[in-house]
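Numbering (full-length UniProt numbering), first residue to last: 1 to 207. Every residue, glycine too, gets a C-beta built ideally from N, C-alpha and C.
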């Protein structure tokens, strides 16, 4: 059995009223205890207005703790992250802003990091590459109805046309679901999602 992939997003360290460092560290522990073997931060780990001297080290602490708990750790930047120079441990794979795929075990993951704030690029997404598990990860405003800022805009139809088993999204702070089959929705601030490559289903870390 393949371990699940844990995804969190929009921690916004340095912004008042956000979940904060302690929440993030505990959420990582919980995900690992439930059998997740890979962790992905899907952007906005730090707020654009955060004091870099205080909160860039906190962002590193989060990702360093993830590196101790999981076999793989990935970081896909959001629009707020582009305002800071982030320094992560070498065990963390930081992804570029061009559309690309990478492997997590048998799962093919399709992604592109945010390059600017705002990021109005309309990405061209490739079709499903194989019959194996296929997961899409983007920090995106999609059609914009739940967002104040444009960030990698796409339609639900464009996401569905890829043939991914699920699209897990960052950027919107509430965990809206745009489609159920396949799952297309935002993680949300203070939440975590698990993608199971065996069932190809997405579940919330806390129901």
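Length at least 4, wholly inside the segment 75–160: the alpha helix (DSSP H) runs in chain order: none
Other residues of its chain near residue 25: CB distance less than 6 Å, five sequence neighbours each side excluded: What you label residue 25 is simply residue 25 of the chain shown in a count that begins at 1. Around residue 25: 65.
Just how far apart, CA to CA, sit residue 37 and residue 141? Here residue 37 is taken as the residue at index 37 of the chain shown, counted from 1. Here residue 141 is taken as the residue at index 141 of the chain shown, counted from 1. Distance between the alpha carbons of residue 37 and residue 141 is about 28 Å.
I'd like to check one pair, residue 130 with residue 143: are the Cβ atoms closer than 8 Å? Translated into the one-based positions of the chain shown, residue 143 becomes position 143. Translated into the one-based positions of the chain shown, residue 130 becomes position 130. No, they are not a contact pair.
Residue 122 and residue 257 - do their beta-carbons sit closer together than 8 Å? Shown here, the chain extends from 1 to 207; a query on residue 257 therefore has no answer.
Within the same chain, show all residues whose beta-carbon is closer than 6 Å to that of residue 11, passing over the 5 residues directly before and after it, in chain order. Numbered from its first residue, the chain shown carries residue 11 at position 11. Result list for residue 11: 24 and 45, in chain order.
Between 73, 134, 49 and 6, which has its C-alpha nearest residue 83's C-alpha? The residue given as residue 83 occupies position 83 in the chain shown. With distances taken between CA atoms, residue 83 lies nearest to 49 out of 73, 134, 49 and 6.
Separation of residue 51 from residue 3, as counted between CA atoms: For this step, residue 3 is matched to residue 3 along the chain shown. For this step, residue 51 is matched to residue 51 along the chain shown. C-alpha separation (whole angstroms): 36 Å.
Going by DSSP, which residues form a beta bridge with residue 169? The residue labelled residue 169 in the question sits at position 169 within the chain shown. Beta-bridge pairing links residue 169 to 138 and 186.
Alpha helix (DSSP H) segment containing residue 61, residue limits: The residue given as residue 61 occupies position 61 in the chain shown. First-last of the alpha helix (DSSP H) with residue 61: 52–69.
How long is the line joining the alpha carbons of residue 184 and residue 22, rounded to whole angstroms? For the purposes of this step, residue 184 is taken as the residue at position 184 of the chain shown. For the purposes of this step, residue 22 is taken as the residue at position 22 of the chain shown. In a straight line, the C-alpha of residue 184 is about 28 Å away from that of residue 22.
Cα-Cα separation, residue 205 to residue 35: Looking up residue 205 in the chain shown gives position 205. Looking up residue 35 in the chain shown gives position 35. Counting only the Cα atoms, residue 35 lies some 11 Å from residue 205.
Is it the case that the segment 107–122 contacts the segment 55–62, given that we only count it when at least three CB pairs across the two stretches are under 8 Å? Fewer than three pairs of CB atoms, one per stretch, sit closer than 8 Å, so the segment 55–62 makes no contact with the segment 107–122.
Three-state secondary structure (DSSP) of residue 33: On the chain shown, position 33 is the one that residue 33 refers to. In the structure shown, residue 33 sits in a helix (DSSP, three-state: H, G or I).
On the DSSP letters alone, give me the boundaries of the beta strand (DSSP E) that residue 4 sits inside. Position 4 of the chain shown, counted from the first residue, corresponds to residue 4. Note, residue 4: beta strand (DSSP E), 4–8.
Quick one: what's got a C-beta closer than 7 Å to residue 208's C-beta in the same chain, skipping five residues either side? Missing from the structure shown is residue 208; the chain here goes from 1 to 207 and no further.
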